[in-house]
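For reference, the structure discussed in these notes is given below.
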Amino acid sequence: MVQMESDSELDRGDAAPDFELPGADGETYALNDFETDALLVVFTCNHCPYAKAKIDLLNELAAEYDDLAVVGINPNDADAYPEDSFEAMRERVADGTVAYDAYLRDETGEVAAAYDAVCTPDPFLFGREDGAWRLRYHGRLDDALNPDDEPTEFYVRDAVDAVLAGEDVEIPDRPSRGCSIKWPDA
């Protein structure tokens with residue numbers, strides 16, 4: 001496990017890079033398929049302890065907010081990390097372990113690269129502006145820096161609340177922390 005901190009080149013106000021990816025539920029999803037007021041794109045996986053520690057929070061967010069779509073995207077090399085395979089993703093969705101609005105497979109890593117994601121989890125929160133998804137917050141989900149830490153502050157909830165209220169997100173972007181993305185061989 002290599003701990004990384006993400007510092008994406010996407011700035012607040014930048015448009016979300018487009019994607020069309022297969023979902024663990026058998027559907028295919030594109031960026032504009034999500035018709036909510038807020039969109040949380042989280043680059044994540046099945047094996048990383050940092051990512052595993054945030055599954056419950058992401059499931060809660062997906063269940064609690066009607067106007068938020070929570071989308072997990074797994075870009076990891078499944079050959080090197082079989083636990084991150086598409087089949088393993090399907091199993092986690094089928095058994096209810098993962099209950100996001102969508103859990104997508106980025107087989108080539110191209111989508112993760114377009115977002116400049118570097119670790120799992122690496123969250124990007126977007127709001128709708130002039131018909132486009134615009135970055136409103138990129139950073140940690142909460143203040144728990146290690147997988148076994150209990151969070152006391154949930155930055156993502158405050159950021160989502162601000163986006164849904166049509167307000168600026170006052171929370172500073174803090175680099176995400178997690179395992180390095182296991183890039184597929186080119």
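Mapping of the sequence shown onto full-length UniProt numbering: position 24 corresponds to residue 24, and the numbering continues sequentially without gaps.
The C-beta atom is built at its ideal place from N, Cα and C for all residues, glycine as well.
As the structure is a prediction and not an experimental result, all values here were calculated from the model.
Using CA coordinates, which residue listed in the options is at the minimum distance from residue i?
| i | options | result |
| --- | --- | --- |
| Trp183 | Thr44, Ala38 and Ala16 | Thr44 |
| Leu135 | Val118, Ala159 and Asp148 | Ala159 |
| Ile171 | Leu141, Leu31, Ala62 and Pro75 | Leu141 |
| Leu61 | Ala114, Val156 and Ala165 | Val156 |
| Thr152 | Asp84, Leu57, His47 and Gly178 | Leu57 |
| Asp77 | Gly109, Glu91 and Ala88 | Gly109 |
| Thr28 | Ile73, Leu164, Asn46 and His47 | Ile73 |
| Tyr115 | Cys48, Pro75 and Gly26 | Pro75 |
| Gly23 | Ala165, Met89 and Asn146 | Met89 |
| Ala117 | Val42, Ala132 and Arg174 | Val42 |
| Asp33 | Gly139, Trp133, Gly166 and Pro147 | Trp133 |
| Asp18 | Val93, Val111 and Ala94 | Val111 |
Specify, as a first and last residue, the run of the beta strand (DSSP E) that residue i falls within.
| i | result |
| --- | --- |
| Asn74 | Leu68 to Asn74 |
| Tyr103 | Ala102 to Arg105 |
| Arg174 | No beta strand (DSSP E) contains Arg174, which DSSP labels as neither H nor E. |
Would you report the Cα separation of residue i and residue j, rounded to the nearest angstrom?
| i | j | result |
| --- | --- | --- |
| Tyr81 | Asp143 | 28 Å |
| Glu64 | Tyr100 | 11 Å |
| Cys179 | Cys48 | 6 Å |
| Gln3 | Asp130 | Because Gln3 carries a pLDDT of 48, less than 50, the predicted location of this residue cannot be relied on, and the following value inherits that uncertainty. So the alpha carbons of these two residues sit roughly 37 Å apart. |
| Ala162 | Ser176 | 20 Å |
| Asn59 | Phe154 | 14 Å |
| Glu91 | Ile55 | 14 Å |
| Arg128 | Asp79 | 36 Å |
Spell out the partners DSSP gives residue i in its beta bridges.
| i | result |
| --- | --- |
| Phe124 | Val41 and His138 |
| Trp133 | Arg128 |
| Leu21 | Tyr29 |
| Tyr50 | For Tyr50, which the question treats as bridged, DSSP gives no partner whatsoever. |
From what residue to what residue does the alpha helix (DSSP H) around residue i run?
| i | result |
| --- | --- |
| Leu58 | Ile55 to Glu64 |
| Leu164 | Tyr155 to Leu164 |
Are the segment 98-107 and the segment 10-18 touching by the rule of at least three beta carbon pairs closer than 8 Å?
The segment 98-107, when compared against the segment 10-18, does not touch it at the 8 Å Cβ threshold.
With contact counted as at least three CB pairs below 8 Å, one residue from each stretch, are the segment 62-74 and the segment 31-40 in contact?
By the Cβ rule, the segment 62-74 counts as touching the segment 31-40, because three or more pairs are nearer than 8 Å.
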